[in-house]
Amino acid sequence: MPLLEPDPGALRPDVRPQDASSDRVTDAGAGGTPEPLRSDLLALLGPEKVLTHISDLVRYASDASPYRFLPRVVVLPGTTAEVAAVLAYAREHGRQVVFRAAGTSLNGQAQGEDILVDVRRHWVGVEVLDEGRRARIAPGTTILRANTTLARHGRVLGPDPASAVACTVGGVVANNASGMTAGTTRNSYRTVASLTVVLPTGTVVDTAAPDADERLAAAEPELCAGLLALKREIEDDAALTARIRAKYTLKNTNGYRLDAFLDGTTPVEILRGLMVGSEGTFGFLSEIVFDTLPLDREVLTGLFFFPSLPAAAAAVPLFNEAGALAVELMDGNTLRASVQVEGVPADWAHLPGTTTALLVEFRAPDEERLAAFEAAAEAVLPRLTLVAPVASVTNTFTRDPGTIASYWKARKAFVTAVGGSRPSGTTLITEDFAVPPDRLAEACEALLALQTRHGFDAAVAGHAAHGNLHFLLAFDAGLPSDVARYAAFMDAFCRMTVERFDGSLKAEHATGRNIAPFLELEWGPRATGLMWRTKQLIDPAGVLAPRIVLDRDPEAHLRGLKSIPTVEPVADPCIECGFCEPTCPSNDLTTTPRQRIVLRREMMHQPSGSPVEAKLLEAYGHDAVDTCAGDSTCKLACPVGIDTGAMMKAFRHQRHSAREERVATLTAEHFRVVEAAARLVVAAAAKIDDRLLSALTRGLRKVVRPDLMPEWLPAVPGPAKHRLPHTSRLDARAVYYPACVNRIFGGPEGHTGPSLAEAVVAVSARAGKPVWIPRDVRGTCCATIWHSKGYEQADAVMANRIVEAAWGWTGGGQLPLVVDASSCTLGIAHEVVPYLTPANRELHRELTVVDSLVWAAEELLPELEILRTAGSAVVHPTCSMEHLRDVPQLMALAEACAEEVLLPDSARCCGFAGDRGLLHRELTESATAREAAEVTAREWDAYLSANRMCEIGMDHATGRTYRSALLELERATRPGDG
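Per this note's numbering, the very first residue in the sequence shown carries number 50; after that it's consecutive.
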């Protein structure tokens, strides 16, 4: 064991429930994947694609649903051949397979008890076809990522679920998820042109291939004959045919798409339709080709408030008749809970309980058609009974993008915001049903009465235009009485929906586990029997996803309900939705924010000292704490702002010895000496061969724990210039603070122009807005060095020092403080605040901290003349820029300095995180892999960012040379020949 390795027991929970949870992982599970399953799959796929430790199994056991099932093993195949091999193994050994992509499913369909197959990590990519009219998409690609690429072509996918930031294309198709606007005409069933599927037998079918039917007939003759026989049987039954057609006039994802037998004429066409909404029970979708839709950019949106849920529901048909693309409903509980979401008016917390709102949107390709929609929409308003119970309510339409975005942010946060405000320790159930739109008001009244009868005060929202409502229930899954209450409610709710409204028990979330027992109630024995026969025909060995969609156990929906123990306050509201995962730098390396919380909850489930707890703690230090970049972009992605990065920093602090804290505090107290020494070390290192330095530091990392000893990377630059440029306080328009990283490290390799500090001074002077660099900046820092590592006392020392210094430099806040590294701007502007004394908090309130990007784009650029431009530039927005919301300023500078600018679709936090990329280079390499592939697909004239350590990380990741956008601005505006 390396020296100074922290004690895993330091992270053992201090407080936990008196009794170990009944649904905890038992001691027998501590060993992880059992033999021979472990050895067999390692031999089949290799160690990089098989996860067997108990910590791996636990982190994959939970998803966004109320269920938890522990897999025996997790595999990560990267090719269709490897998927086929896993299926062959399962058939031969009587095992079962469940596919999991984003884990955002709400009904447990991404959970398995045997072999769980992660089909996200190695299955990402978008190929634009026919100028955007079609797109070939890998199943692990998020809807947001696909739409970002398609937007450049003025196109968009039809399905638009609220979880688009995280849910994947494969999961959306497998569940036929639709969303706000898709309804029954823009969903996957209607817009998937073709797909490639790996059947349970291992047969691969590309439904677009001209000879697909011939190939399928040769490989699977019984399947082809069986599909055609079922088609004839259905078509020969006029009543059944009519029933199937009627069922799909509403949104309906309960059971299999029996209309595929009516819509398809050949076995391959039937199979294509059946795969949509099959929830992974018929095969693996390795590739999907969509027919895309026009991206109508002209938008009119309004948020209208009503006195009650039925009153709002009664207004829905009026907006539908006016041509609204979306009419979204939010009840009082939803509106009040959404105040946790940034940008939502705080006074919504005081809305009366019965208040309900409709979010109405019209979209058009041009101004003329939008004007026609606006006239029709305005004509509706006098016919409505509207209320304005709080000051922020306007009950008007708007075209302002910012206001529209805030409305949709509140709506899309429905599940997470309401779930985040649930009582601690309770489990969240999300239900989803549809009724004929003209009976929506009646259904709302019936639902409210039913909830009251069973003691629930649920939150209700939904796609009202399509008669589709969602509601959330919270109960304690560890209490038998609560489970019984939930069971009674579900039975009454399902009967009401079917018998009173002839509705759909699942409109868009798919059957999963929690509606499987009620499938026959909705469809009747004849149609349900056909679904069982279809499953037997396609998957005769029963390999894929048992007990999902089809289950004869009348209490299947009560099996595997997960209890939620209380954890650290910062993470306790988490409902495990997974919205945080795509933005996390470590999501393809170790753990994600959701998984860090899931693992912590399992520790709380365990009795102290159990074998499972010991194994989890042993892995948690590296997999959760050390490889967290601490960038907190998870907070931005989480609708209720859960900052798992902050929790990991707290855990780092918890692991520190008193001696480590004292040493860290000394470095803060004597940072002027530390800074000078660091610059000397960098200067000395610049004269030594990179290979020797790398070998030396790698050797030291085997002796001293890797989280303390950095590894030398060739991308690390030489030292900064010893002297900062001379400036004058007289007539200065701002105080310029060169960050310590820019005082220690020099510019990019081969750069012969001015240093960053010289460039900032020069462009500011050219714009007529000179800046002043205080002479005593050395020895000060934004405190992020210590903050990121959890050294709280050292953090407090430097936080107070920099605020006191900045207050003096700026004349008590009279001048702005311009900072030339985005992470340092974030640190001084926001992250230092909790560590300040009360007096210094008052000083901090008087400061105006401005990122150099904002200074350059908003203050300098309008006054500068661009004299030369690069042909092309690619930008890397840092995580701090995302927090500061100054990515637009980075783009503005790049677009001023280059003819062509690319913001990569896969750009996210590089994971370098100060020195974290030197401590764990694999974190940066994993975090940037997809972005690096985009960047290196061609050559660019300039590679731009605005944070030196992130630029070093991107240099390492791409083999290209990144530099500050302000250096490029200086070059573009430099007088003379440049």
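Heads up, the beta-carbon is just placed ideally off N, CA and C, and yes, glycines get one too.
Residue i - containing alpha helix (DSSP H), residue span
i, result
"residue 715", "707-718"
"residue 685", "682-686"
"residue 164", "Run containing residue 164: none in the alpha helix (DSSP H); it sits in the beta strand (DSSP E), 164-167."
"residue 463", "463-469"
"residue 669", "660-669"
"residue 743", "739-752"
"residue 138", "129-142"
"residue 649", "642-654"
"residue 221", "218-224"
"residue 293", "287-296"
Pair within 9 Å by beta-carbon distance, residue i and residue j
i, j, result
"residue 913", "residue 812", "yes"
"residue 72", "residue 528", "no"
"residue 1028", "residue 126", "Since the displayed the chain opens at 50 and closes at 1027, residue 1028 lies outside it and no answer follows."
"residue 79", "residue 661", "yes"
"residue 763", "residue 735", "no"
"residue 302", "residue 382", "no"
"residue 634", "residue 975", "yes"
"residue 867", "residue 145", "no"
"residue 509", "residue 518", "yes"
"residue 590", "residue 1009", "no"
"residue 833", "residue 612", "no"
"residue 614", "residue 675", "no"
"residue 53", "residue 709", "yes"
Endpoints, the beta strand (DSSP E) within which residue i is located
i, result
"residue 1043", "Lying outside 50 to 1027, the shown extent of the chain, residue 1043 is not represented and no answer is given."
"residue 512", "508-512"
"residue 379", "375-379"
"residue 422", "Premise fails: residue 422 lies in the alpha helix (DSSP H), 416-429, not in any beta strand (DSSP E)."
"residue 410", "405-413"
"residue 87", "Segment 86-94 is the alpha helix (DSSP H) holding residue 87; no beta strand (DSSP E) there."
"residue 700", "Counting along the chain, residue 700 falls outside any beta strand (DSSP E), though it belongs to the alpha helix (DSSP H) covering 693-704."
"residue 238", "It is not in any beta strand (DSSP E) - residue 238 instead sits in the alpha helix (DSSP H) that spans 237-240."
8 Å CB neighbourhood of residue i in its chain, flanking five on each side removed
i, result
"residue 149", "109, 112, 159, 160, 161, 165, 166, 167, 168, 169"
"residue 2", "The requested residue 2 does not occur in the structure, where the chain is confined to residues 50 to 1027."
"residue 274", "none"
"residue 221", "192, 208, 210, 237"
"residue 414", "343, 345, 346, 347"
"residue 886", "849"
Cβ neighbours of residue i in the same chain (closer than 6 Å, five flanking residues each side left out)
i, result
"residue 897", "865"
"residue 626", "113, 465"
"residue 1025", "none"
Proximal residues to residue i (C-beta, below 7 Å), its chain only, five neighbours per side dropped
i, result
"residue 759", "746, 964, 967, 968"
"residue 205", "196, 199, 341, 342, 344"
"residue 787", "773, 806, 822, 826, 869"
"residue 882", "890, 893"
"residue 717", "835, 843, 846, 847"
"residue 780", "819"
"residue 55", "670, 704"
Under 8 Å, with one C-beta from each stretch per pair, do the region 302-322 and the region 260-268 reach the 3-pair mark?
yes
Using 8 Å as the threshold, is the region 472-486 in touch with the region 542-561, meaning 3 or more CB pairs across them?
yes
To test your reading of the DSSP string, which unbroken alpha helix (DSSP H) runs of 4 or more residues are found completely within the region 780-868?
789-793, 805-815, 833-836, 841-858
Closer than 8 Å is the cut-off here; do at least three beta carbon pairs connect the region 815-822 with the region 841-852?
no
In chain order, which continuous runs of the alpha helix (DSSP H) of length 4 or greater are located wholly inside the region 509-569?
529-544
Validate contact between the region 611-621 and the region 693-706 using beta carbons, cut 8 Å, 3 pairs:
yes
Is the number of C-beta pairs between the region 436-445 and the region 374-388 that are closer than 8 Å three or more?
no
Under 8 Å: do the region 657-672 and the region 55-70 share three or more Cβ pairs, one atom per stretch?
yes
With three or more C-beta pairs closer than 8 Å as the rule, is the region 944-954 touching the region 920-934?
yes
Pair every Cβ in the region 232-244 with every Cβ in the region 353-366, then say whether three or more of these pairs are closer than 8 Å.
no
Could you tell me whether the region 684-691 touches the region 783-802, where touching means 3 or more Cβ pairs closer than 8 Å?
no
Is the region 501-521 touching the region 373-382 in the sense that three or more CB pairs, one from each, lie closer than 8 Å?
yes
With three or more C-beta pairs closer than 8 Å as the rule, is the region 324-331 touching the region 390-404?
no
Identify every run of the alpha helix (DSSP H) within the region 881-963, keeping only runs that are complete inside it and at least 4 residues long; order them along the chain.
887-894, 928-933, 936-946
Note down, one range per segment and in chain order, each beta strand (DSSP E) of at least 3 residues found wholly within the region 473-501.
476-483
Only counting runs of 4 or more residues, tell me where the alpha helix (DSSP H) segments fall wholly within the region 313-383, in order along the chain.
316-324, 358-370
Evaluate contact between the region 361-370 and the region 419-439, counting only Cβ atoms and requiring at least three cross-stretch pairs below 8 Å.
yes
With a floor of 3 residues, list each beta strand (DSSP E) that falls wholly inside the region 247-277, ordered by position along the chain.
253-255
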